[in-house]
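Protein chains in written order, with our numbering: chain A, 1 to 363; chain B, 1 to 247.
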Amino acid sequence: MSTDDVYVFEIAPEDFDAGLLPEPARQPGSQEFKDQVRWFFERNLEAFAGWHDISVEDDKIRVSWKASPDKADALGEIIKKLRDGEYQEGIQLLRFLLPSREKDAAVRYNLGMALSDTGELDEAEEHLRKAIEIRPAFTNAKVALGVALSRKRQWEVAASVLEEAVGEEPDNPYALRNLAACLLASGRDAARATEYLRIATAILPEDQQSWMNLGQALESQDKTVEADAAYRKAIEINPGNPVAESARRALSRIAESSFKEAGIGGVRPDAVMYCLSAIEKFSKMSHAEIQRCAYEIAALGTKGISVNDPDKRYTLKSMEGTFSGLQLLCYQFVGFKRIAPHLDIGFDLSKEYVAALRTSERG
Amino acid sequence: MLPCTKEIIQRAERLTGKPVHMEEDRSLPVISHIQIARGPAPMHKLRYRPTPSGTPDYFICFQCGFAIRIYENPPEQRFDFEASPDAPARMASLLKDNPAASQLKDMLLGGLMTQLRSMPIGMRIDDWLFQEYPELRLLQVAGAKAQLRDNSRALSPEVKRQVPRMVFRANAAMNAAFALYWAKSLADDSISLPYKSTGFLPQGETLIRIVEQVGSMPSEDRNLVDSWAAEVGLDGWYRWIPHRTDG
Numbered sequence: 001m002s003t004d005d006v007y008v009f010e011i012a013p014e015d016f017d018a019g020l021l022p023e024p025a026r027q028p029g030s031q032e033f034k035d036q037v038r039w040f041f042e043r044n045l046e047a048f049a050g051w052h053d054i055s056v057e058d059d060k061i062r063v064s065w066k067a068s069p070d071k072a073d074a075l076g077e078i079i080k081k082l083r084d085g086e087y088q089e090g091i092q093l094l095r096f097l098l099p100s101r102e103k104d105a106a107v108r109y110n111l112g113m114a115l116s117d118t119g120e121l122d123e124a125e126e127h128l129r130k131a132i133e134i135r136p137a138f139t140n141a142k143v144a145l146g147v148a149l150s151r152k153r154q155w156e157v158a159a160s161v162l163e164e165a166v167g168e169e170p171d172n173p174y175a176l177r178n179l180a181a182c183l184l185a186s187g188r189d190a191a192r193a194t195e196y197l198r199i200a201t202a203i204l205p206e207d208q209q210s211w212m213n214l215g216q217a218l219e220s221q222d223k224t225v226e227a228d229a230a231y232r233k234a235i236e237i238n239p240g241n242p243v244a245e246s247a248r249r250a251l252s253r254i255a256e257s258s259f260k261e262a263g264i265g266g267v268r269p270d271a272v273m274y275c276l277s278a279i280e281k282f283s284k285m286s287h288a289e290i291q292r293c294a295y296e297i298a299a300l301g302t303k304g305i306s307v308n309d310p311d312k313r314y315t316l317k318s319m320e321g322t323f324s325g326l327q328l329l330c331y332q333f334v335g336f337k338r339i340a341p342h343l344d345i346g347f348d349l350s351k352e353y354v355a356a357l358r359t360s361e362r363g
Numbered sequence: 001m002l003p004c005t006k007e008i009i010q011r012a013e014r015l016t017g018k019p020v021h022m023e024e025d026r027s028l029p030v031i032s033h034i035q036i037a038r039g040p041a042p043m044h045k046l047r048y049r050p051t052p053s054g055t056p057d058y059f060i061c062f063q064c065g066f067a068i069r070i071y072e073n074p075p076e077q078r079f080d081f082e083a084s085p086d087a088p089a090r091m092a093s094l095l096k097d098n099p100a101a102s103q104l105k106d107m108l109l110g111g112l113m114t115q116l117r118s119m120p121i122g123m124r125i126d127d128w129l130f131q132e133y134p135e136l137r138l139l140q141v142a143g144a145k146a147q148l149r150d151n152s153r154a155l156s157p158e159v160k161r162q163v164p165r166m167v168f169r170a171n172a173a174m175n176a177a178f179a180l181y182w183a184k185s186l187a188d189d190s191i192s193l194p195y196k197s198t199g200f201l202p203q204g205e206t207l208i209r210i211v212e213q214v215g216s217m218p219s220e221d222r223n224l225v226d227s228w229a230a231e232v233g234l235d236g237w238y239r240w241i242p243h244r245t246d247g
């Protein structure tokens, strides 16, 4: 244990401020006094000490503790709060620190980032510019400034700041990712954006946003096969957050577009056949059985269903057999038409469904 | 030695026109001390106790800060702080029933006067070092922690038995202010716990308010010390005399 972080102090029991104790426990030497003094220190050290020892004797109170490593520095403590999403408290503490640390680039940087994340973009820009002025080679502050400017939709200025950051640190994945996003948002140079994002995903293979952005960059260049793979990777990293939801919508968009291209007059005969099969199967099933089947396919779809792969490689618990991706989507579409007709499953098979209904009615 | 330490020493030497002589001193009763050259003295004498890290940079910079602050004033506004002529008698009177009075008198008076001058002005110096020299910060925090540990020893029953009540209370109030200053800077309330538990925190808070209210320019340092002295009952124990560098 490093002695640098160990504090010890001793006081006489009569020097303890009895006003801090409940009235019946204010007599030094009594058991109540000892218990309450111990409890007072326990309570006060709980939040700050990694280890502590409290001894309350008749002639002496001795308290020793070791500061928790997490509490070593105000800035470290505040950054932890920000990481935990406690923005308001973190921002308040940083503003509190600022007057005594006006020239501290790290304080400006963290305050600027927190304000940017909470949408106070003008003040964020001010602090981030100041951080760079104090420490001109502070690349991460330039990245954060680029992000804040992008959020203000000042694409040109943002791209210029981010170009500078990439120039300083060509392997900084956050600089690369944000510059690429800026290039894409401003409709500039998707090929260069793709190049940056390939490097970013190689350096940070688990960064969901980089994969999402890569998918978008590739899709904008009609490289749908590669875009499909990038979106799937984004979903795999964290299936339950809004980025994954956007990736799913993008996958549906790509699948639908490929699907329509392969059709005749905008209608896919194979999909009509699958819809017809679904109509027939569901006509013999109860509402609850259809619901179970439709929801099972929807749940499967959250992991991504490959609509352009003709192989029958999917199985369901709610229905016997093996199915292709397109087949499942047709079953899902028809199923939801039966149980929740107004729900959009994110993949438009309405023409195929109408054609199948007509065929079914003709019998 | 860190580049910023060299820079600060050079700044002190340039400003005062006299060299800073530094030496390690295991017997020093405080962690570090500077005797600013007065009259014909050819140099400033800066002494420090050995540090666990072996790098005394922060203490050197901190002590140089006192010389720099005096010399940032125009010559007619430079003052030295010393115990008033009747201070030894005052201390002797407080110790009159203490069998160890003769050994304690000078030590307690010297310690109390050093604390009264160094602590409030030291907060200005710490603010300055914290803002201007981030590379020193880790050593600064380690130095503050060492000082905090030293300070809390003064609350022990053994010390209290030896020290007049008035001295004990003035010392504890100033130490409470120092602890509050660092508790705030390091976002760690446990630092001020010894003073919270002994009821000295309210007076420490008053002293901190004085630091916040008095101007931070070196020309206000006398006012700052005077205000602290009034709060802890030490007015009349010291005097300010014009700082002289001639023979």
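Built from N, CA and C at the ideal position, the CB exists for glycine as well.
Leaving out five residues on either side along the sequence, give the residues of the same chain with a beta carbon under 6 angstroms from the beta carbon of I199/A.
Start at 1 with the first residue of the first sequence, and residue 199/A comes out as number 199. Cβ neighbours of I199/A within its own chain (closer than 6 angstroms, five residues either side excluded): L176.
How about P164/B and L94/B: are their beta carbons less than 9 angstroms apart?
The sequence position of residue 164/B within the second sequence is 164, counting from 1. The sequence position of residue 94/B within the second sequence is 94, counting from 1. Cβ atoms of P164/B and L94/B: closer than 9 angstroms.
What would DSSP say about I237/A, mapped onto helix, strand or coil?
Walking along the first sequence from the start, residue 237/A turns up at place 237. DSSP places I237/A in helix when its eight states are reduced to three.
With three or more beta-carbon pairs closer than 8 angstroms as the criterion, would you say the region 227-241 of chain A touches the region 298-318 of chain A?
Flag = yes, the region 227-241 of chain A and the region 298-318 of chain A touch.
Taking only runs that begin and end inside the region 210-234 of chain B, name each unbroken alpha helix (DSSP H) of 4 or more residues, in chain order.
Runs of the alpha helix (DSSP H) inside the region 210-234 of chain B: 221-232.
Chain-ordered chain B contacts of L20/A [CB-CB under 9 angstroms]:
In the first sequence, residue 20/A corresponds to position 20, counting from 1. Within chain B, the residues near L20/A are K196, S197 and G199.
Using a Cβ-Cβ cut-off of 7 angstroms (strictly less than) and excluding sequence neighbours within five positions of S216/B, which residues of its own chain qualify?
Working through the second sequence from its first residue, we reach residue 216/B at position 216. So the qualifying residues of the chain are R124.
C-alpha gap between P170/A and C61/B, whole angstroms
Position 170 of the first sequence, counted from the start, is the residue given in the question as residue 170/A. Position 61 of the second sequence, counted from the start, is the residue given in the question as residue 61/B. Each residue's alpha carbon lies about 38 angstroms from the other.
With 9 angstroms set as the bound, which would you pick, yes or no: does the beta-carbon of S190/B sit closer than that to a beta-carbon of chain A?
Here residue 190/B is taken as the residue at index 190 of the second sequence, counted from 1. Contact with chain A is found for S190/B, since one of that chain's Cβ atoms lies less than 9 angstroms from the residue's Cβ.
Determine the contact status of I208/B and Y181/B, defining contact as a CB-CB distance below 9 angstroms.
Indexing the second sequence from 1 puts residue 208/B at position 208. Indexing the second sequence from 1 puts residue 181/B at position 181. Taking 9 angstroms as the Cβ cut-off, I208/B and Y181/B qualify as a contacting pair.
Exposure of D86/B, with buried meaning 16 or more beta-carbon neighbours within 10 Å:
In the second sequence, residue 86/B corresponds to position 86, counting from 1. By the 10 Å Cβ count, D86/B comes out exposed.
Can you say whether Q92/A is buried or exposed, counting buried as having 16 or more other CB atoms within 10 angstroms of its CB?
Position 92 of the first sequence holds residue 92/A. Counting other Cβ atoms within 10 Å of its Cβ, Q92/A stays below 16 and is therefore classed as exposed.
Can you tell me where the beta strand (DSSP E) with K312/A in it begins and where it stops?
The residue given as residue 312/A occupies position 312 in the first sequence. Boundaries cannot be given for K312/A, as no beta strand (DSSP E) includes it and DSSP labels it neither H nor E.
Taking only three categories from DSSP, how would you classify W155/A?
In the first sequence, counting from the first residue as 1, residue 155/A sits at position 155. The answer is helix: DSSP assigns W155/A an H, G or I state.
Would you tell me roughly how many angstroms separate the C-alpha atoms of K223/A and L179/A, rounded to the nearest one?
As a first step, residue 223/A must be located in the first sequence, where it is residue number 223. As a first step, residue 179/A must be located in the first sequence, where it is residue number 179. Computed Cα separation, rounded: 20 angstroms.
M212/A versus Y109/A - alpha carbon distance:
Numbered from 1 along the first sequence, position 212 holds the residue referred to as residue 212/A. Numbered from 1 along the first sequence, position 109 holds the residue referred to as residue 109/A. The C-alpha of M212/A lies about 26 angstroms from the C-alpha of Y109/A.
For chain B, check one thing: does any of its Cβ atoms lie closer than 9 angstroms to the Cβ of F41/A?
What you label residue 41/A is simply residue 41 of the first sequence in a count that begins at 1. Chain B contact via Cβ: present.
Three or more C-beta pairs below 8 angstroms linking the region 6-19 of chain A and the region 187-197 of chain B:
With the cut-off at 8 angstroms, the region 6-19 of chain A and the region 187-197 of chain B touch.
If you check the beta carbons only, do Y48/B and Q35/B fall under 9 angstroms apart?
Residue mapping note: residue 48/B aligns to position 48 of the second sequence, counting from 1. Residue mapping note: residue 35/B aligns to position 35 of the second sequence, counting from 1. Not in contact: Y48/B and Q35/B (Cβ atoms no closer than 9 angstroms).
T66/A vs V6/A beta-carbon contact at 9 angstroms:
Within the first sequence, residue 66/A is the residue found at index 66, counting from 1. Within the first sequence, residue 6/A is the residue found at index 6, counting from 1. The amino acid at residue 66/A is misidentified as Thr; the sequence shows Lys. Going by beta carbons, K66/A and V6/A fall inside the 9 angstroms limit.
Determine the direct distance from the alpha carbon of L21/A to that of S64/A, and round the result to whole angstroms.
Reading the first sequence from its first residue, position 64 is the one you call residue 64/A. Reading the first sequence from its first residue, position 21 is the one you call residue 21/A. Put simply, the backbone Cα of S64/A is about 20 angstroms away from that of L21/A.
Would you identify the three-state DSSP class for K287/A, choosing helix, strand or coil?
As a first step, residue 287/A must be located in the first sequence, where it is residue number 287. As written in the sequence, residue 287/A is His, which differs from the Lys given in the question. Reduced to three states, the DSSP call for H287/A is helix.
Is V30/B near G111/B, with beta carbons less than 9 angstroms apart?
Sequence index remark: in the second sequence, residue 30/B carries index 30 (1-based). Sequence index remark: in the second sequence, residue 111/B carries index 111 (1-based). At a Cβ-Cβ threshold of 9 angstroms, V30/B and G111/B count as neighbours.
With H, G and I counted as helix, E and B as strand and the rest as coil, what does DSSP make of P242/B?
The residue you call residue 242/B lines up with position 242 of the second sequence. In the structure shown, P242/B adopts extended strand secondary structure according to DSSP, grouped into three states.
May I ask you to verify whether the region 308-322 of chain A touches the region 282-298 of chain A, counting CB pairs closer than 8 angstroms and requiring at least 3?
Verdict: yes, contact present.
Based on the DSSP output, what are the partners of Y48/B in its beta bridges?
Position 48 of the second sequence, counting from 1, holds the residue named residue 48/B. Looking at the DSSP assignment, Y48/B forms a beta bridge with E24/B and S32/B.
Quick check: what's the CA-CA separation for A299/A versus Y353/A?
For this step, residue 299/A is matched to residue 299 along the first sequence. For this step, residue 353/A is matched to residue 353 along the first sequence. The straight-line gap from Cα to Cα measures roughly 21 angstroms.
Comparing alpha-carbon positions, which option in R137/B, K160/B and R161/B lies nearest P56/B?
Counting from 1 along the second sequence, the entry for residue 56/B is found at position 56. If we check each option's Cα against that of P56/B, R137/B comes out closest.
Using a beta-carbon distance below 9 angstroms, is E45/A in contact with chain B?
The residue labelled residue 45/A in the question sits at position 45 within the first sequence. In the sequence as presented, Glu is not what sits at residue 45/A; that position holds Leu. At least one chain B Cβ lies under 9 angstroms of L45/A.
In this structure, how does DSSP classify K81/A when only helix, strand and coil are distinguished?
Here residue 81/A is taken as the residue at index 81 of the first sequence, counted from 1. For K81/A, the secondary structure class from DSSP, reduced to helix, strand or coil, is helix.
Around the C-beta of T201/A, are 16 or more other C-beta atoms found within 10 angstroms, so that it is buried, or is it exposed?
Counting from one through the first sequence, the residue named residue 201/A turns up at place 201. Counting Cβ neighbours within 10 Å, T201/A comes out buried, since at least 16 surround it.
Looking at the C-beta of R38/A, does it have a partner C-beta in chain B at a distance below 9 angstroms?
Taking the first residue of the first sequence as position 1, residue 38/A is located at position 38. So no, R38/A is outside the interface.
Contact with chain A by K160/B, beta-carbon distance below 9 angstroms
Within the second sequence, the letter at position 160 stands for residue 160/B. By this cut-off, K160/B is an interface position.
R249/A versus H127/A - alpha carbon distance:
The residue you call residue 249/A lines up with position 249 of the first sequence. The residue you call residue 127/A lines up with position 127 of the first sequence. Their Cα atoms are separated by approximately 36 angstroms.
Shorter than 9 angstroms from the beta carbon of R248/A to some beta carbon of chain B?
The sequence position of residue 248/A within the first sequence is 248, counting from 1. Against chain B, the CB of R248/A has no partner CB under 9 angstroms away; the residue lies outside that interface.
Taking any Cβ of chain A, which residues in the region 127-138 of chain B have a Cβ under 8 angstroms from it, in chain order?
From the region 127-138 of chain B, only D127, F130, Q131, E132 and P134 have a Cβ closer than 8 angstroms to chain A.
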